[in-house]
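Protein chains in written order, with the numbering used here: chain A, 1 to 354; chain B, 1001 to 1354. Idealized CB from N, CA, C, for every residue including glycine. As the structure is a computational prediction, the values presented were derived from the model and not from experiment. Accompanying notes for the structure given below.
Right, here's the structure in full:
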């Protein structure tokens, strides 16, 4: 007998598989039309099932953010993995080598130190490690600071036995993709002048994915959130509420006043991520009612006008500000189609912080 | 051979057991001197080991925030559990009854609906359920809105077969404990006038724990964070940096500029909780250097002045804004004494959201 929402314990995560399918298909069609390769970031869903579905629809491989995520995905049969992170330390480098032996793998570096660590580990390896240079094109996080530095690091990689230069990688700052493109184009030109092939230029971020590819230097794209979308993506105009595939199902556990509702989803379910939003999520189907305050196990909703509904015991669904971090908080998610729960999946790559 | 920090994978959580012991002993001594019973909230540590240590030092039982946490603690042998939450729904009420059969248990209610749910479940039970009335004394979360409402709900509980009125419970608003005390005193007086015994008046919150007990109506206290403390508690003057027992060990993975350091601990390790602080944690042993920006797997530290240290590959320890939520993100924590890792413990009650 199929389950309905009322059969579930709250709080829990619902994933609308029809919306997932539509979101994935739309992005792949767009990428195909633009001649852009997709390498989806699995941090949003952390589910081998969906990673495989992304590949079936045309993605060329997956992106992960931590070694532990890569290991989970490799165990699940994913064979082409990009890990855009500086991996260091003897134990992690040993894990990296073991992983490189069993899948097609690429990592990044943004410093001579990181490259030296890779080189030391892989100098005597049977299979070389592919290393892309991470470029800070305006985000202000990791990355070499200039195209000239990118060239220097590419040279170091190319000269290191056991390493192979794989290209350039960036995560562009929001709203500054033109700058990022110009930066990468200059770096690519420097590489060409030096006679260094640059097989891949990888960029990411769901919001910018929809721009057209005119003059694009980027060859691969790493969208993550597009599979689920969330409140912050809707606010940026990238998706509609009807595209949002991940919701948190919660129970109204208290109605202390005519305008205050308390639900059993707090920061342990929704996180404290704001991403520029007011409050911590939107009540689905409401006209802008938000979760105004959070503590760990309570979400407080303040209504603008007195109301008797929803009542104590009623279920509500919350569209969170940031879908990716919600996935990391739950051991399992429930797949739904309409109002039917079709299946429950363990979140295989949850909590893989190292 | 004992491990040192360099043997650990980062990011990870370090718990200084000497500081834990000192924090627990100091709080228990204070409570004993004040004639106040302690019922520590395990949400901060989520570890049966430390719950048992709290009892050994004199606590009368433990507090948990979700049914799932209570079940984990009962499985681990904890026998006196307070669950200050409105429990509802057929499945959760069945779990509650099973739990009540095996431990000394109390829950809360703040509405006739919640009490009706308990009454329906426990009417025919062999063992009654103890129910305290949750009081909103200024926090603006759950709780009855007036002492008169508290009395009415206590009456309903007392008249329900299978239920036993256990007293009053509140979580006081920060800095408004006088108001909370007055509120509770009035409710207790109404109960006395109605001939209803009120065996327990339970309050919580680490910061207010240190106030003296003069005129105190509260009989039990539920401190949580005091076992570890954190940056927000230091900011409130409740603890010193040297009391902070939980730190996140991270590796410097990038030094893109002379003033920017990137560590491998992001929101998946530190959370986005601000609790009124600027940034997401303090670099331990630094003169006020903070984690300024977070993404899921990166923490960005901006130095005021150019510096070459810490270097890529160096370890840093971060004192997070909010210790409790960090415990919820890690499958295990490392116990340390000084710079030695003595043991690794699974966080048994992690992720128990329902």
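- Item | Residue-chain proximity (residue 1253/B, chain A), Cβ-Cβ < 8 Å | yes
- Query: How about residue 16/A and residue 336/A: do their beta carbons lie closer than 8 Å?
  - Reply: yes
- Item | beta strand (DSSP E) segments (min. 3 residues) lying fully within the stretch 271-311 of chain A | 281-283, 291-294 and 299-302
- Query: Near residue 275/A, what residues of its chain come up, given a Cβ to Cβ distance below 7 Å and the 5 sequence neighbours on each side ignored?
  - Reply: 232, 321 and 322
- Contacts of residue 1039/B in chain A (Cβ-Cβ under 8 Å): Those within 8 Å of residue 1039/B in chain A number zero; the least Cβ separation is about 17 Å.
- Residues that residue 221/A bridges to, as DSSP identifies them: 38/A and 203/A
- Measuring alpha carbon to alpha carbon, tell me which of 162/A, 146/A and 50/A ends up nearest residue 168/A. 146/A
- Query: Bridge partners of residue 320/A, per DSSP?
  - Reply: 281/A
- Message: Please state whether the Cβ-Cβ distance between residue 12/A and residue 334/A is less than 8 Å.
- Response: yes
- Between residue 102/A and residue 79/A, what straight-line distance do the alpha-carbon atoms span, to the nearest angstrom? 8 Å
- Within 8 Å (strictly less), CB to CB, does residue 271/A reach chain B? yes
- Query: Who are residue 73/A's beta bridge partners in DSSP?
  - Reply: Bridge partners of residue 73/A: none, in fact.
- Message: According to DSSP, residue 82/A sits in a beta bridge with which residue or residues?
- Response: 63/A and 106/A
- At least one CB of chain A closer than 8 Å to the CB of residue 1312/B: is that the case? yes
- Task: Would you tell me roughly how many angstroms separate the C-alpha atoms of residue 217/A and residue 224/A, rounded to the nearest one?
- Result: 20 Å
- Message: I'd like to know whether the C-beta of residue 3/A is nearer than 8 Å to at least one C-beta of chain B.
- Response: no
- Task: In the DSSP assignment, find the unbroken beta strand (DSSP E) run with residue 167/A in it and report its ends.
- Result: 163-170
- Run through DSSP, which three-state label would residue 1087/B get? coil
- Item | Three-state secondary structure (DSSP) of residue 1101/B | helix
- Which first and last residues belong to the beta strand (DSSP E) in which residue 15/A is found? 12-16
- Task: Just mark residue 339/A as buried or exposed, buried being the case when its beta carbon has 16 or more other beta carbons within 10 Å.
- Result: exposed
- Task: Helix, strand or coil for residue 1144/B, going by three-state DSSP, please let me know.
- Result: strand
- Going by alpha carbons, who is nearest to residue 206/A out of 345/A, 196/A, 256/A and 220/A? 220/A
- Item | Per-residue burial, residue 1199/B [other beta carbons within 10 Å of its own, 16 or more giving buried] | exposed
- Item | Boundaries (first-last residue) of the alpha helix (DSSP H) holding residue 51/A | 48-56
- Query: Which residues of chain B have a Cβ atom closer than 8 Å to the Cβ of residue 10/A, listed in chain order?
  - Reply: 1089 and 1354
- Under a CB-based cut-off of 8 Å, is residue 1141/B close to chain A? yes
- Task: Could you tell me if residue 1161/B is buried or exposed, where buried requires 16 or more neighbouring beta carbons within 10 angstroms of its beta carbon?
- Result: exposed
- Hey, how far is the Cα of residue 319/A from the Cα of residue 266/A? 13 Å
- CB residue 1088/B to CB residue 1048/B, shorter than 8 Å? no
- Drop a sphere of 10 angstroms on the beta-carbon of residue 1346/B, count the other beta-carbons inside from all chains shown, and report buried for 16 or more, exposed for fewer. exposed
- Residues in its own chain within less than 8 Å of residue 7/A by CB, not counting five upstream and five downstream? 341
- With residue 1332/B as the anchor, note down where its beta strand (DSSP E) starts and where it stops. 1332-1337
- Query: residue 1260/B lies in the beta strand (DSSP E); which residues open and close that run?
  - Reply: 1260-1263
- Query: Of the residues that make up the stretch 65-88 of chain A, which ones have a beta carbon closer than 8 Å to any beta carbon in chain B?
  - Reply: 65, 66, 85, 86 and 88
- Between residue 129/A and the rest of its own chain, which residues show a CB-CB distance below 6 Å, the 5 nearest in sequence each way excluded? 100, 118, 122 and 163
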